[in-house]
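Here's the structure, in structure tokens; my notes come after.
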Amino acid sequence: MSGDELWAATLEFLKARIQRQAFETWLAPTRILALNNGTVRVAVPNHFFADWLQHHYLGEILFALKTVAGRTLEVEFVPAPAENSAPAMNTGQRQAFSFRPSAGTTGQFRLRSHYTFDTFIVGESNRLAWAAARNVAHNLGQVFNPLFIYGGVGLGKTHLLQAIGNAALALRPGLRLCYTPAEALFLELIQAIEKNTRLEFKEKYRGLDLLLLDDIHYLVGKEGLQEEIFYTFNALQDAGSQVVFTSDRPPKDIPTLQERLVSRLGSGLVVDIQPPDLEMRIAILLQKAKMDGFELAEDIACYIANRVRSNVRTLEACLVRLMAMHSLTGRPINTALAEEALSDLVHPEEPMDAEKVIRVVSEHFQVPVPELKGPSRTKRIAIARQVAMYLLRSRLNLSLKDIGYQLGGKDHTTVLHAIEKIERLLVEDPGLKGQIDRLLNLLDNNGR
Ligand code: ADP
Ligand code: MG
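FYI, numbering that gives the first Met the number 0 numbers position 53 of the sequence shown as 52, with every residue one higher than the one before it.
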């Protein structure tokens, strides 16, 4: 099979599995550049597409390629203007903009209809963010304005953000809203500057009732854009319009944003989403399987949830793959099939990692593991334990609860305080920072 045939067949396969709108938006504009050494190089219209495909469709694409080619292939997205491609998002006036997302407009960033509050599974780790988001959707501009949601990759920020849009739109069909990733806004602004249409850019965003700005951490280091965005944001807020941001980090870690927003955040709310704990990961798998009409046994859910620990997106990808393998091959859903479905998605050593981090910290600080896990508050032991907690968080993205569990059953508030303390010391105490850097190096190079 030639590369062209392979990609055509892969797209055919994907077409049947991905919502039509999403397929047209993200996959139709792609074309194959080359197939060599087991890697398919695919041209996409720009960096944003590459990123989007990587984050949202990689699992599906790899699975489709494997199915079509009969062997495992890698894929690489190469930003390059594609022939016959849909217009890239930075070319059009209304591209990043959708006033009536459900009514068949051509806005690039249509809300995904299944990103709703109904399909969002609530647990301890995201309850506050969920409650705030719902509240905002029902009381636009009246409760928390702005609402700032932050959390790690794949934890449901975009889902919640769009759920606000979907719910608000259902309540008020004429609502003028815009959902856009900060990156797309950036590209649009660059375009506006090049074309000298900055004023139109401002005007366009000014008339909104609701602005949903995703992944605002993208603005770090892009001072020019920040200026423009906050001008717009302030104007919106002053006019009583609702603004919701998401970010992978809290406002305090986006220095210039913090300065600009600090007075504004007073009238708003900052909420975080934590990684789901084991119980919730199992619940997510069971509920998602059920929504798709699959019966997933609890022990299989538990097996997967133990292996995929930090990220709902990976959890979901694994489930999709498991169900696809089951329906395509008729093989029963058991741990062997789950293992195969997991194979490309998680590192085989992942279950070892927490122990490894604790061991490396123990050796470095010369504190035996049982003491790290024990109750002692001696300063030397406490700091080693706090560093372990910090590393478990920053390296493995474990939930506070899981970190507490790994360290002998500590309370999640203890863990939170430990992490905050180390984050503070990293700034204030170069000696400790040096030690942590060395530990990170050790973990990278020394571990299995
Ligand atoms: P983020 O924007 O934080 O990186 P996303 O919102 O894109 O994460 O979520 C990744 C995937 O996981 C999406 O398909 C989303 O629907 C799903 N997801 C995340 N959290 C939940 C949840 N609590 N309930 C249901 N699905 C979730
Ligand atoms: Mg997101």
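Just so you know, even glycine gets a beta-carbon here, dropped at the ideal spot from N, CA and C.
- In chain order, Leu295, Glu297 and Ala300 place their CB closer than 8 Å to the CB of Leu285, counting only its own chain and leaving out the 5 sequence neighbours on each side.
- With contacts defined by Cβ atoms closer than 8 Å, Lys378 and Gly407 do not form a contacting pair.
- Cβ-Cβ distances below 6 Å link Leu341 to Arg306 and Cys317 in the same chain, with the five nearest sequence neighbours on each side left out; the list follows chain order.
- Looking at Asp252, Gly2, Ser309 and Pro331, the one whose alpha-carbon comes closest to that of Phe293 is Pro331.
- When rounded, the separation of the alpha-carbon atoms in Thr118 and Met279 is 14 Å.
- Gly58 sits buried, since 16 or more C-beta atoms from the chains shown fall within 10 Å of its C-beta.
- Under DSSP, Leu209 shares a beta bridge with Leu176 and Gln241.
- In terms of Cβ geometry, Arg423 and Phe62 do not form a close pair [threshold 8 Å].
- Judged by their CB atoms, Leu160 and Asp213 are nearer to each other than the 8 Å cut-off.
- In this structure, the beta-carbon distance from Ile120 to Ala282 falls below 8 Å.
- Note: Arg263 is not bridge-paired with any residue in the DSSP secondary-structure output.
- With the criterion CB distance below 7 Å from any heavy atom of the ligand MG, the matching residues run Lys156, Thr157, Asp213, Asp214 and Thr245 along the chain.
- Pro331 carries a coil assignment under DSSP once its states are collapsed to helix, strand and coil.
- CA-CA distance, Ala8 to Leu32, rounds to 15 Å.
- Taking 7 Å as the cut-off, the C-beta of Leu154 counts as close to a heavy atom of the ligand ADP.
- Judged by the Cβ position, Tyr56 fails to qualify as a neighbour of the ligand ADP at the 7 Å threshold, every heavy atom of the ligand being at least this far.
- Classified as buried, Glu182 has 16 or more neighbouring CB atoms from the shown chains inside 10 Å of its CB.
- Taking the Cβ of Ile120 as the reference point, at least one heavy atom of the ligand ADP falls within a distance shorter than 7 Å.
- Here Ala42 is bridged, per DSSP, to Arg30 and Val77.
- Distance between Val219 and Ser246, taken at the CA atoms: about 11 Å.
- Contact between the region 265–272 and the region 221–232 is absent: fewer than three C-beta pairs spanning the two stretches fall below 8 Å.
- If you draw a 10 Å sphere on the C-beta of Glu11, you find fewer than 16 other C-beta atoms in it, and that means exposed.
- In the three-state DSSP reduction, Phe116 falls in the coil class, being neither helix nor strand.
- Between the alpha carbons of Leu110 and Pro374 lies a distance of about 49 Å.
- DSSP places Phe143 outside any alpha helix (DSSP H), giving it a letter other than H or E.
- Rounded to whole angstroms, the Cβ separation of Ser398 and Asp271 is 12 Å, and the two are not in contact under 8 Å.
- Taken from the Cβ of Glu227, every heavy atom of the ligand ADP lies 7 Å or farther away.
- Distances between the C-beta of Tyr149 and the heavy atoms of the ligand ADP are all 7 Å or more.
- Residue pairing by DSSP places Leu268 opposite Leu146 in a beta bridge.
- At least one heavy atom of the ligand ADP lies less than 7 Å from the C-beta of Glu315.
- Under the three-state reduction of DSSP, Asn35 is assigned to strand.
- Going by beta carbons, Phe185 and Lys221 fall inside the 8 Å limit.
- Taking the Cα positions, Ile60 is about 7 Å away from Leu13.
- Rounded to the nearest angstrom, the gap between the Cα atoms of Pro250 and Asp291 is 37 Å.
- By the beta-carbon neighbour count (other beta carbons within 10 angstroms, threshold 16), Thr179 is buried.
- His158 is classed as buried because its beta carbon has at least 16 other beta carbons within 10 Å across all chains shown.
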